[in-house]
Amino acid sequence: MAVVAPPLSVLDHRLHLRQHHCLRHQIPISITTPIFHYPIPHLSLFVTKASLSLSPQTHPSTAATSLSPPQQIQQLCQSQNLSQAYTALQKAFDTNIYTISELSESIRVLLQACGQHKDVEIGKKVHNLVYSSTHFVNDFVLNTKIITMYSLCGSPLDSRIAFDNLQRKNLFLWNALISGYTRNEHFGDAIGVFYEMLLETEFKPDNFTMPCVIKACGGIGDVGLGQSVHGMSVKLGLVLDVFVGNALVAMYGKQGIVVDALRVFENMPERNLVSWNSMICSFSENGFSNECFGVFRRMLLEEESLVPDVATLVTLLPVCAGEGGIDMGAVVHGMAVKLGLCDKLMVSNALMDTYSKCGLWSESEIIFCMIENKNVVSWNSIIGSYSREGNKRETFELFMRMQMEEKIRPNEITILNVLPVCFENSEVMCVKELHCYSLRNGIQSDEMLANAFVAAYAKCGSTRSAEHVFYVMEVRTVNSCNAIIGGHAQNGDPSKAIELFFQMTESGLDPDFFSIGSLLLACSRLKCLQYIKEVHGFILRNGLEIDSFIIISLLSCYIRCGKTHLARILFNETRDKSLVLWNAMLTGYTQNGLFHESLDLFHQMLSYGIQPSEIAITSIFGACTQLSALRPGREIHCFALKANLIDDKFVCCSLIDMYAKCGCLELSQRLEPYKAENYVLISNLYAGAGKWNDVRKVRGMMKETGLQKDVGCSWIEVEGKLYSFGVGEEILEGSGQMGKTWKRLEDKISRIGHRSDTNSVLHELEE
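Numbering (my numbering), first residue to last: 39 to 805.
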């Protein structure tokens with residue numbers, strides 16, 4: 039669904055990005071309206087005794103004393119002199135010459151300033167001053183301000199203490215306490231106070247109570263409770279209120295129940311900008327990109343009085359980044375320019391992230407350079423941009439600049455952005471340096487970061503360091519266990535991965551899909567059928583067979599153990615067969631020498647209307663090669679040409695191998711003439727047929743065209759440890775063990791009647 043932005047002269051994101059930023063409105067600089075509005079002091083015609091001095095210094099004091107206490111405190115609060123403001127308030131209390139209304143207004147002004155500047159110490163002093171006065175101790179308005187002040191200062195416990203000390207309470211006080219808990223994300227306490235109000239008082243929730251409680255339900259993830267509060271709102275006649283409706287849309291969207299969010303939204307008699315933003319956000323967070331832009335377009339068409347704000351654009355831009363929709367991102371960028379919102383830091387950060395995730399790193403860098411007051415989010419966005427690109431040098435340079443030039447302290451997201459460029463190249467020292475940095479600066483308190491270090495160490499092959507990070511964690515979650523289990527399964531000891539899995543279940547943690555996937559990987563590497571069957575039973579008992587990833591992993595395990603009949607049973611029992619599952623079964627048949635079964639399954643796949651991928655074509659060419667089935671091979675070749683699958687290098691190599699081994703060497707030689715691996719393959723086929731002149735001819739053609747064969751590399755596992763070695767290496771770690779293992783293998787091979795075929799080896803070759 040297309041979204042039409044306001045008329046712009048620049049929509050091409052590549053040619054006119056700079057112009058986007060140059061089109062900002064030249065708005066005249068104006069003085070910001072102060073929070074507290076001061077009236078002009080009244081000039082008195084009467085001269086007091088204190089002003090009869092001939093000194094000109096008395097005139098300013100005369101002007102100052104003409105201000106009322108609320109005005110003086112407003113002035114001091116605006117300049118952030120809260121301590122002086124409190125002193126002025128205290129003097130006003132002591133003099134007893136001001137009215138109750140003046141003192142009450144002064145208290146409200148100072149309490150509001152304490153909450154705004156999060157100065158809880160001055161706020162407590164004002165609180166004590168109020169409670170020491172018989173005039174204000176039962177003032178509902180001031181007590182509500184006190185509770186709100188504590189919550190704004192991030193101290194909901196003090197709010198509760200102040201609330202409990204009150205002899206009389208009204209609905210506003212209950213609402214202030216519930217709102218404070220919700221604001222500080224103490225969602226369980228907010229719901230507890232709500233229940234307390236319902237059970238112990240006769241107050242009925244209003245349109246201020248319900249949004250706070252609904253938000254708390256979304257915060258704890260209790261959909262059932264949220265639906266109950268929704269029903270209560272209907273009974274109380276509050277569901278049509280715009281604030282209650284907005285909270286319900288946001289709550290349902292956060293819990294992934296987009297249908298209910300949309301139903302509430304459509305039934306709202308009145309919608310404001312928050313309503314539209316909440317609905318857009320609900321679609322955005324749940325991956326409904328088309329619907330997200332559809333609602334945005336509706337807002338532009340139906341609500342002419344509403345203008346998109348920062349929240350609207352910041353919600354839309356991640357959708358553009360996730361979908362790779364740079365055209366839509368450019369439209370949103372143009373709208374930001376038109377509305378004069380590009381100067382907003384949140385919008386600039388979102389634009390930068392969008393361009394980088396769409397692969398337009400230069401555009402992202404342009405926006406970054408134009409941001410005047412960069413914050414940690416800005417730096418994280420540009421660092422993540424270069425990290426995703428794999429540019430290690432730029433990533434680390436920006437990481438250093440962030441600290442040295444801008445004096446901005448990195449956070450957990452910064453480290454998470456830098457880590458990938460370390461373990462991509464298996465640079466364990468780089469990971470250790472970053473780990474030490476995070477420890478020195480107290481950054482590794484985050485569970486996600488600790489898990490990332492466990493995974494990074496494991497990917498670099500340093501499972502000992504991964505275990506150290508894992509065991510020093512104060513609280514280990516399922517994600518933590520998944521990181522260490524997956525690390526051992528992929529790069530360490532598979533048996534250790536299985537051991538850690540059982541430790542996790544014994545500790546009371548329930549495995550998830552990732553846990554089972556890592557466990558199956560470990561079982562497949564060990565090729566232990568008993569373990570695989572036990573895991574299969576565990577999957578069935580816990581209802582995990584609905585996950586396609588788990589089924590594919592389990593099927594691959596059976597295939598690796600040579601139990602293709604068990605794999606086929608699992609394949610047949612799976613209702614929704616994905617393309618990956620078909621590929622796994624096809625490859626399994628081919629790898630285990632069941633070539634006729636592989637061909638039959640391929641034809642069955644075509645009969646169901648499933649489009650084979652490069653993996654399936656490669657596998658089926660391998661089956662045709664082993665069966666010397668030239669006719670089916672040619673038919674599949676024609677199919678691959680029509681489906682544009684022949685350009686894949688693996689498909690091409692398997693096709694050459696098939697034609698060559700089926701006796702069509704000249705035809706195979708005409709395919710992909712500029713790839714070294716194809717010449718090597720044809721050369722080996724000629725050598726196997728004893729045609730040494732043709733072998734030398736092919737080798738000569740390789741030299742003439744400058745093609746060279748890559749050096750081979752092999753792996754061998756001895757006593758649970760994996761060794762790798764390349765052609766020409768003489769000194770190898772564990773070479774003694776490898777020699778003994780190889781000798782045992784040769785003895786076994788010779789005993790069953792096999793011998794090495796050296797007829798096709800061209801001994802005069804240098805390599």
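Backbone N, C-alpha and C define an ideal beta-carbon position, used for all residues, glycine too.
Determine the direct distance from the alpha carbon of C255 to that of T182, and round the result to whole angstroms.
24 Å
Go ahead and pull the three-state DSSP assignment for H224.
coil
From S142 to Q112, what does the alpha carbon distance come to, in whole angstroms?
13 Å
The alpha helix (DSSP H) spanning L644 covers which residue range?
Taken as a continuous stretch (DSSP letters only), the alpha helix (DSSP H) holding L644 covers 633-645.
Which word fits M486, buried or exposed, when buried means at least 16 other C-beta atoms lie within 10 angstroms of its C-beta?
exposed
Under the three-state reduction of DSSP, which class applies to M248: helix, strand or coil?
helix
Can at least three beta-carbon pairs, one atom from the stretch 626-634 and one from the stretch 646-654, be found at a separation below 8 Å?
Here the stretch 626-634 makes no contact with the stretch 646-654; the two share fewer than three CB pairs at distances below 8 Å.
CA-CA distance, M187 and V348?
27 Å
Checking 7 Å against the spacing of the C-beta atoms, do H224 and P194 come in under that value?
yes
Going along the chain, which unbroken runs of the beta strand (DSSP E) with 3 or more residues stay wholly within the stretch 150-180?
Secondary structure in the stretch 150-180: no beta strand (DSSP E) run of 3 residues or longer lies completely within the stretch.
Using alpha carbons as the reference points, say which of L127, E140, D157 lies closest to Q118.
D157
By Cβ distance below 8 Å, which residues in the same chain neighbour L344 in space, the five residues on each side in sequence not counted?
N310, L311, W314, M337
Alpha carbons only, please: which of K273, S586, Q568, E435 is nearest the one belonging to N245?
K273
Under three-state DSSP, which class holds R613?
Looking at R613 - three-state DSSP - the assignment turns out to be coil, as it is neither helix nor strand.
Going straight from the alpha carbon of D550 to that of A667, what length do you get?
45 Å
If we require 4 or more residues per run, which alpha helix (DSSP H) segments fall completely within the stretch 581-630?
Runs found: 586-598, 602-611, 617-629.
Sort N328, V277, G294 by Cα distance to E304 and report the nearest one.
V277
Let me know if A681 comes out buried or exposed under the rule of 16 or more other beta-carbons within 10 Å of its beta-carbon.
exposed
Go ahead and pull the three-state DSSP assignment for G700.
Looking at the sequence shown, residue 700 is not Gly but Cys. Here C700 sits in coil by DSSP.
Please name the residue, chosen from A151, P107, G192, Q150, that lies closest to I135 on a Cα-to-Cα basis.
P107
Taking 6 Å as the limit between beta carbons, can you name the residues of its chain near M384, skipping five residues before and five after?
Around M384: V348, V352.
Measure the C-alpha to C-alpha separation of L148 and I199 and round it to an integer number of angstroms.
20 Å
Buried or exposed by the 16-neighbour rule on C-beta atoms within 10 Å, applied to C460
buried
With a threshold of 6 Å on Cβ separation, who are the neighbours of L457 within its own chain once the five nearest residues in sequence on each side are excluded?
A490, A494
G283 and M306 - do their beta-carbons sit closer together than 7 Å?
yes
Measure from the alpha carbon of V302 to the alpha carbon of each residue in T602, S322, D279, then state which is nearest.
D279
Does L398 come out as helix, strand or coil in the three-state DSSP assignment?
In the three-state DSSP reduction, L398 falls in the coil class, being neither helix nor strand.
Just checking my contact of A808 with G291 at CB under 8 Å: how many whole Å lie between their CB atoms?
This structure gives no information on residue 808, because the portion of the chain shown stretches from 39 to 805.
Skipping 5 residues on each side, what residues in its chain have a beta carbon closer than 6 Å to that of C468?
The residues are C460.
Option in I453, F677, L632 with minimal Cα separation from I648
F677
Using three-state DSSP, classify M384 as helix, strand or coil.
helix
Going by beta carbon distance, what residues of the same chain come within less than 6 Å of Q110, once the five residues before and after it are set aside?
A126
Going by DSSP, what residue range makes up the alpha helix (DSSP H) through P448?
Note, P448: premise wrong, no alpha helix (DSSP H); not H, not E.
Evaluate K242 with the Cβ neighbour count: other Cβ atoms within 10 Å of its Cβ, from every protein chain shown; 16 or more gives buried, anything less gives exposed.
Burial call: exposed.
Roughly how many whole angstroms lie between the Cα atoms of S144 and L472?
52 Å
Span of the alpha helix (DSSP H) holding R478?
466-478
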